[in-house]
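In case it helps, the UniProt record's numbering puts the sequence shown at residues 1 to 222.
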Amino acid sequence: MSTLPNPDTSALVIVPEREIELTKVKVDKFNNLYAEYTLRENGIGSENTKKVHQPAHEDLVRAFKKLTVHLCLMTEVVEGIKSGEDEYLRYEQLTQAFQSEDLYTAPEFDSYRCTGFTLSSGGVVLVGQKRLRSKKVLNLVSPYEVLEPETPTGDEYQYLAELDYDLSHAITEVKAYLEGKYEQHQLDFFQDLREKVEEALVPLEQRNLLRKSYQGRELDDE
């Protein structure tokens, strides 16, 4: 628990420590988010389940798009990406594409979507879908992968460091969503709507003056 000085009373104001530990996250087709997490405040934890019917912010959508690439590689549904006219980059050749972030926008992943993840014991399972030509979906579940194995076996996911980095970013965005970071243009819409309503609302006294002025003109015309 931390404390801050109160400028008015010179007393100490207690600022509660608050931490969210995610265990399960899912995003639906409308980018609404469901989360299971432990909320710790001042060392006391409580289990929570929350679904917010607010479209995710574009930062969260982008974070999940990056996880889509890892889901496809971990489940081996995509073997590589086309790079240039003749070059086809396979698993062992994708490191540079990760570093340049070109991999995340490769068309080979367009039919796939990461829809969530589960965290446990220092590892992660990614889940998602492939959109089929029949307009149905094929569910995908990655193998459980420990993010920082103490004794590597050589069978770990080849891009574990990139997965750890991208997952950390996604976790940060999920926590921000739970704290109220939603789709920006929707917030802008309501802000604009409120401003228009306020502009349209003429004070009662001003409306009465306008009415009297209008009635006076009518009398003059007569």
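We put the CB at the ideal spot given by N, CA and C, even for glycine.
Beta-carbon proximity of residue i to residue j, cut-off 7 Å
i	j	result
Ala63	His169	yes
Phe109	Val146	no
Leu33	Ile20	no
Lys66	Asp166	yes
Val174	Val25	yes
Tyr177	Ala56	yes
Glu47	Arg18	no
Residue i - containing alpha helix (DSSP H), residue span
i	result
Thr95	95 to 100
Ser168	160 to 178
Val69	58 to 74
Expected contact under 8 Å - CB spacing of residue i and residue j to nearest Å
i	j	result
Tyr182	Met74	That belief does not hold up - the Cβ atoms of Tyr182 and Met74 are roughly 29 Å apart, past 8 Å.
Leu140	Leu94	The pair is not a contact, with the Cβ atoms about 19 Å apart (cut-off 8 Å).
Tyr23	Ser120	With the sequence shown as reference, residue 23 is identified as Thr, and Tyr is not the correct amino acid for it. The Cβ separation is near 7 Å, so the contact holds.
Glu79	Arg90	6 Å
Buried versus exposed, by CB contacts within 10 Å (16 or more), residue i
i	result
Ile81	buried
Glu162	buried
Ser142	buried
Phe30	exposed
Tyr144	exposed
Tyr37	buried
Tyr159	buried
Residue range of the beta strand (DSSP E) that includes residue i
i	result
Ala35	33 to 41
Leu138	137 to 141
Val124	123 to 131
Glu47	44 to 52
Ser111	Neither: Ser111 is in no beta strand (DSSP E) and is coded neither H nor E.
Ser83	80 to 83
Leu22	18 to 27
Tyr88	87 to 90
Any C-beta of chain B under 7 Å from that of residue i
i	result
Lys66	Checking the listed chains, one finds no chain B in this structure; it contains a single protein chain.
Counting Cβ pairs, one atom from each stretch, are 3 or more of them under 8 Å apart for the region 88 to 107 and the region 119 to 138?
-> no
With a cut-off of 8 Å, do at least 3 Cβ pairs link the region 127 to 146 to the region 102 to 119?
-> These segments touch.
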